[in-house]
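First residue of the sequence shown? That's 5 in our numbering, and the numbers climb one at a time after it. Every residue gets a Cβ at the ideal spot worked out from N, C-alpha and C, and that includes glycine. These numbers come from a predicted model, not from an experiment. First up is the structure itself, then whatever we jot down about it.
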Amino acid sequence: MKLSTRTRYGIRAIIELAQHSEDGPLQLKIIAARQEISVKYLEQLMTALKSGGFVRSIRGSKGGYLLAKRADQIKVGEVFHCLEGPVTTAECVEDEEFCSRAADCAARELWMEVERAIEGVLQSVTIQELVDRTKGKAALDYRI
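What follows is the structure, given as structure tokens:
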């Protein structure tokens with residue numbers, strides 16, 4: 005399984021907003037520059053994230069984007085599902101009729117277990133925890 009650019013960039017944008025939540029709204033061009041994402045692509049991501057209830061926009065010269073909820077209330081899994089859709093490892097996991105051997109297939113059971121494990125990790129981590137991890141790395145980098 006490989007994450008899409010959409011999901012990776014979207015989560016990076018949410019983390020950026022969370023890191024600067026006390027600074028007020030962030031303009032797209034600032035987020036785009038800091039995260040090295042094109043403004044045009046970031047606009048598309050923000051539209052999806054806004055529809056998902058994760059960000060809100062403020063119009064005007066001092067406008068931009070803010071988190072719609074506190075970072076500790078946003079699970080990474082929720083953002084993942086908004087941008088990527090469900091975690092899927094194999095067609096037969098979603099649709100047992102896809103393969104005639106699905107009912108007795110040990111490999112299918114493994115793929116189901118992998119999906120549950122990924123889902124568990126995604127749902128166990130909040131955006132705030134990722135921000136905190138980033139702060140820890142920045143402190144370590146500074147000391148080196």
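- prompt: Which residues mark the beginning and the end of the beta strand (DSSP E) in which Leu70 is found?
  reply: Where Leu70 is concerned, the enclosing beta strand (DSSP E) stretches over 68-71.
task: List the endpoints of the continuous alpha helix (DSSP H) containing Ser128.
output: 110-128
field: Touching by the beta-carbon criterion (3+ pairs, under 8 Å), the stretch 37-45 and the stretch 79-98
entry: no
query: Are Ile3 and Phe58 closer than 8 Å when you measure CB to CB?
result: With the chain running from 5 to 148 in the structure shown, residue 3 is simply not present.
task: May I ask you to report which of helix, strand or coil DSSP gives Ile148?
output: Any reading at Ile148 is ruled out, since the residue's pLDDT is 40, under 50, leaving its predicted position unreliable.
field: Which of helix, strand or coil DSSP assigns to Ser65
entry: coil
field: Burial state of Arg112 (16 or more Cβ within 10 Å)
entry: The residue is buried, with at least 16 neighbouring Cβ atoms inside 10 Å.
Lys79, DSSP secondary structure in three states: Lys79 falls in the strand class under three-state DSSP.
Neighbourhood of Gln132 by C-beta distance below 7 Å, restricted to the same chain and skipping five residues each side: Within the same chain, Gln132 has close Cβ partners Ala22, Ala75, Asp76.
- prompt: How about Gly68 and Gln31: are their beta carbons less than 8 Å apart?
  reply: yes
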